[in-house]
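Report on the structure given below.
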Amino acid sequence: MLLRAGLRYMLRHRWQGLLALTGIALGVAVVLAVDLANSGARAAFELSAQQLQGRATHRLVVPGATLPDDVYVSLQRQSGAPPMAPVVNGWVGVDGMPGRYQLVGFDLFAEAPFRTALALVSNRTGFTADWLTQPGALVLSAAAARALSVAQGDTLSIVYRGRPARLNALQIETYDSAAADDLLLVDIATAKSVLGMQGQLSYVDLILDADDEQWIRQRIPTGVELQTVAEQAKGVTRLSAAFELNLTAMSLLALLVGMFLIFNAMTFSMVQRRTLLGRLRAIGVTPRELFSLILLEAVILAVLGTIVGLVFGVWLGQGLTRLVAATVSELYYNVSVTALNLDASSFLIAIGLGVLATLTATLIPAWHAARTPPLTTLSRAALEQAARRGVPLWALLGLVLLAAGLLLALVLPGGVIMSFVGLFSLVLGAAMMTPMVIRVLHGLLARAALPGIWRMGVRDLNRHLSRLGIAVAALMVALSASVGVGVMVESMRGAVNTWLSDLLRADLYVAAEAFDQGATLDSALVEEVIQLPSVAALSRYRDRTLPIAGRRVLVTGAHMATPSREGFELLSDASSVWQAFDAGAVLVSEPLAYHLGLTPGASLELPTPEGSLAVQVAAIFRDYASEHGRIFINEAVYRKAWQDQQVNTLALFARNGDVEAMRREVSELAAHHTIVITPAGAILEESMAVFDRTFRVTEVLRAVSLIVAFIGVLSALMALQLERGKEYAVLRALGLTRGQIAGLISGESLLMGLLAACVALPTGVLMAWVLIESVQRRAFGWTMPFSVDGVLLLQTLLVGLLAAGLAAIYPAWRSAHRDPAPQLRED
Amino acid sequence: MSMVNVDNLTRVYYTGSIRQVVFDALSFSVEKGETVALLGASGSGKTTLLNLVSGIDSPDHGRVLLDGVDVHAQAEPERTLLRRRQIGFVFQFFNLIPTLKVGENVALPLELLGTDDSTAQQRAAALLEDVGLGGLAMRYPETLSGGEQQRAAIARALAHQPAVLLADEPTGNLDEDTGGLIIELLTDIARRQGTTLLLVTHSTHVARAADRVLRLSHGQVKSELMP
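Residue numbers (the numbering used here), protein chains in the order written: chain A, 1105 to 1931; chain B, 2 to 228.
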């Protein structure tokens, strides 16, 4: 009966019920959507690694180089050899298509124990014969075929390091997965031919138990390493670390905004039903019964709201996932995440949030309702007084949380998880302090000689603190996230721009056409460039990726002209660094130095085909090119240790500053060599464009959290208008025009936006500080100058006002046009 | 000359398909400075009549002249301004603005008319003295008793010296003694200020305080009684 009374109340006051449901649903939806997009991106990366990994447990590799065929053949011929499958792979371009595709050559006969999906390819009658006899026979997934507009029997033109090749689509498979979308499967012989790897393999996959592992280790030659697939996968998934970190940060903030929305909605719902609850107490309902009733209703609301939120979240998640996939494809390699990765943990987090936040939000008012004497139950004034009494306590708790957050993130040692815990604590603390800030600012505003209705507006905010405080806090969290992430991105953008501008000192850069696939310059061309009269000086660079302490470190053998050396921002004592460099010491990038704890003078071992090369660290330099780390080593030392005379890039300095003359001469050479000539400005421009693309998703997520907060403010205002209908009716009777009523509501809303922005700006700047000094540092190892852009802060202030102003439009219109007569009669 | 002239007023409500005639060609007038009680049972349309007189509600037919001005011939914003200048309201449930202090509640009508802050505050303080609430100007309404809140509401209704005071069951939410004091206060101040008072009540006891009583029944003023 009691439950029926409560539910009927909600049915009769549909708007109130609907607002509570909307709050819960939105909170759940935004958390689920961001988390689904996040896990979608992660799954795309991980699946890509797993797709090729199959059931393999280990992998034979030569770090930083290819594996000679002989190693595989000799192992495989020995009796007692465990299952092994050779693989040749490389990244290729497809004519007329953006992005890169992974060409994978495998041995059909060795595949069965490893990759069931790939082995299944051979089930079609006649397939094996076609596969082995047709040159360039290609198998690709239906999704890849669609993306590339290829049908069975078509020819696909690909390019590897500037060399064209043709493949024939023998079969289009339906083993669709996110990861299969970027795979072009060919016979191992075809892959060797296309990738120029005759006699070489990329790696050999193995399925090993402990005995087999021992067996292999005893037989592999020097220079070949046996790695677990987990070690291998680490390298692949780390590729996305920076990207994923952004999404994680936004997901956490969405969680916080979601929590506040739910809290907001439930507090409103309880406050509005105080009369009903009071009457129930008066007719003999015990405090315990009332408490149980309220919680039971909250559970029903939580379940309904969560279900709606999950549906909406999946829909929103689809859009976000597509956006994430598009960015991943643009920046890394092709994935077309068309289906959502419906990760169970994402749903559990969202459901947990929906139910727990709803119940938590209900507990305090339910407790109040149950313990207060009948008829006075939750009287408006009593409730507001209780809320106001709690403000200092909340503020104190918030201050403690904020301080603890800063301590965790900036002072105490720990990893990136600890930084995020600190960040979360900081924002939560600031949100809990928001009502106190409202009260203080209200005190200041109240002293100003405002006209009657404006005084009323200012006071309303303070006197409706129990309802509006949480809505302001939700808007504050969204705005501070916007400031925090915005300042971080802007600081990083500025730092990257300065760093690149310093580094790109040369007038022109020359690289082989397929430089992004590792193509090198002809040695003849390098000699010809050196001889050009217009070239005053040049630097030569040779890149090689090496595994060092579990990281994929880019090692560059460099011959650097003086201006190139001047482009390095050294983070340690710069005296005699270059003498040490010329003598064989290395320059280590800041991220690598941070993660390996390297300082100038420390020694480091680099893997070479001839074994380890011990080098001394000459200096640490600022670098944002790779979070995995970079090392610059003297070209002469590099060439000797790796027996590699190749050059990837030349940086040219014009004689007498005549860049045009130098460009003409180098362009003439381009007639005989496939090279790309790029001025420093163009590289800078392209790099900054890539930077901006990386953070596009972050921008969208910032907008999503702002929209959600906007809806939160709208809900809060709507609920408040429902409750204050009579007050507005009285004002109308006293002679306030519709415009004045609308102005009053809009003014209050704008004040909410202003107060939210006032708290959000310092909170956001603190967040940015934590993101830069703690999260970025611990995740990537780099530091950057902290720069706060006044325009960004002003923008946030305006966005806060705009969100609050827009949220007021409907409630203001509705209240102004409501017929006051019926409400004037009500008690 | 009549201050309030209700002429041939008809108001019909529809609840679904049910048609309910509240007034049918209702006519009466109230002279300047006169105190008139509008007596009627619950549901007889007393409050609706006040809402029509003040321009909060609109009639289906007929007109209301307030000091010679046809209220419903005005556009809504003009009706609001007319109410702001000419009418004072006292409600059954006091309807003070909870977020304004008592003094500010009283000063509000003056501020709406553009009176400067200090003048408005002075006038409010004087009125609060008049109604026996001197010293309570800085309190919030919720801290006052029902009787005190209604006194504050009377002070607010009179603050801008309206031509007409409309009181809707002003004692309906008070005990008998307090109600008696409130009626005495209301009629006394109205007479002193020369304000026309239209008092809606279902209590014949309260109606006795008026100069004249109009009994409202079945949509018509059935009889005019002198107390």
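Here a beta-carbon is modelled for each residue, glycine too, at the ideal position from N, C-alpha and C. Keep in mind that this is a model prediction, so the values were computed, not measured.
Taking all protein chains shown into account, decide if residue i is buried (16 or more other Cβ within 10 angstroms of its Cβ) or exposed.
{"i": "B/G220", "result": "buried"}
{"i": "A/H1921", "result": "exposed"}
{"i": "B/Y236", "result": "Any property of residue 236 of chain B remains undetermined from this structure, which presents chain B solely from 2 to 228."}
{"i": "B/Q87", "result": "buried"}
{"i": "A/L1754", "result": "buried"}
{"i": "A/Q1683", "result": "exposed"}
{"i": "A/T1660", "result": "buried"}
{"i": "A/G1502", "result": "buried"}
{"i": "B/N52", "result": "buried"}
{"i": "A/A1911", "result": "buried"}
{"i": "B/P171", "result": "buried"}
{"i": "A/V1135", "result": "buried"}
{"i": "A/Q1256", "result": "exposed"}
{"i": "B/N242", "result": "Residue 242 of chain B cannot be examined here, being either before or after the span of chain B that is shown, 2 to 228."}
{"i": "B/E105", "result": "buried"}
{"i": "A/F1367", "result": "buried"}
{"i": "A/A1916", "result": "buried"}
{"i": "A/E1772", "result": "exposed"}
{"i": "B/T36", "result": "buried"}
{"i": "B/K47", "result": "buried"}
{"i": "A/A1249", "result": "buried"}
{"i": "A/L1629", "result": "buried"}
Under a three-way DSSP split, which group does residue i fall into?
{"i": "B/N96", "result": "coil"}
{"i": "A/Q1238", "result": "coil"}
{"i": "A/V1165", "result": "strand"}
{"i": "A/L1702", "result": "coil"}
{"i": "B/L134", "result": "coil"}
{"i": "A/K1830", "result": "helix"}
{"i": "B/L101", "result": "coil"}
{"i": "A/L1565", "result": "helix"}
{"i": "A/T1753", "result": "strand"}
{"i": "A/S1707", "result": "strand"}
{"i": "A/R1159", "result": "coil"}
{"i": "A/L1452", "result": "helix"}
{"i": "A/R1377", "result": "coil"}
{"i": "A/A1282", "result": "Confidence in A/A1282 is poor, its pLDDT being 40 and thus under 50, which makes the residue's placement unreliable; the coordinate value appears in the next sentence. Three-state DSSP puts A/A1282 in coil, outside helix and strand."}
{"i": "A/S1178", "result": "helix"}
{"i": "A/S1253", "result": "coil"}
{"i": "A/G1209", "result": "strand"}
{"i": "A/A1912", "result": "helix"}
{"i": "A/S1948", "result": "Coverage of chain A is limited to positions 1105 through 1931, which leaves residue 1948 of chain A absent and any answer about it impossible."}
{"i": "B/D8", "result": "strand"}
{"i": "A/A1660", "result": "Note on identity: in this sequence residue 1660 of chain A is Thr, with Ala being the wrong assignment. The answer is strand: DSSP assigns A/T1660 an E or B state."}
{"i": "A/Q1747", "result": "coil"}
{"i": "A/R1669", "result": "helix"}
Where do the ends of the alpha helix (DSSP H) carrying residue i lie?
{"i": "B/D118", "result": "D118 to D131"}
{"i": "B/H206", "result": "T205 to A208"}
What first and last residue would you give for the beta strand (DSSP E) that runs through residue i?
{"i": "A/W1195", "result": "M1188 to V1198"}
{"i": "B/L114", "result": "Run containing B/L114: none; DSSP gives neither H nor E here."}
{"i": "A/T1649", "result": "V1639 to I1652"}
{"i": "A/A1214", "result": "Not the beta strand (DSSP E): A/A1214 falls in the alpha helix (DSSP H), residues L1212 to E1215."}
Residue i touches chain C at which residues, Cβ-Cβ below 7 Å?
{"i": "A/M1560", "result": "Annotation note: the requested chain C is absent from the structure, which comprises protein chains A and B."}
- Message: I'd like the ranges of any alpha helix (DSSP H) spanning at least 4 consecutive residues and lying wholly in the region 1833–1904 of chain A.
- Response: The region 1833–1904 of chain A contains these whole alpha helix (DSSP H) runs: 1842–1874 and 1881–1884.
- Taking only runs of the alpha helix (DSSP H) that begin and end inside the region 155–199 of chain B, which ones reach a length of at least 4 residues, in chain order? 177–194
- Item | Any 3 or more C-beta pairs closer than 8 Å across the region 1530–1537 of chain A and the region 1848–1867 of chain A | yes
- Query: Would you say the region 121–131 of chain B touches the region 153–172 of chain B, given that touching needs at least three Cβ pairs under 8 Å?
  - Reply: yes
- Three CB pairs or more closer than 8 Å across the region 16–23 of chain B and the region 203–218 of chain B: Output reads no: the region 203–218 of chain B does not touch the region 16–23 of chain B.
- Query: Of all the beta strand (DSSP E) runs that stay within the bounds of the region 16–100 of chain B, which reach a length of 3 or more residues?
  - Reply: 19–32, 36–41, 62–67 and 88–91
- So does the region 1660–1669 of chain A actually touch the region 1706–1713 of chain A, counting three or more Cβ pairs closer than 8 Å? no
- Are the region 179–188 of chain B and the region 117–124 of chain B touching by the rule of at least three beta carbon pairs closer than 8 Å? no
- Query: Do the region 1586–1596 of chain A and the region 1889–1901 of chain A meet, that is, are 3 or more Cβ pairs less than 8 Å apart?
  - Reply: Three or more beta-carbon pairs drawn from the region 1586–1596 of chain A and the region 1889–1901 of chain A are found closer than 8 Å, and the two stretches are therefore classed as touching.
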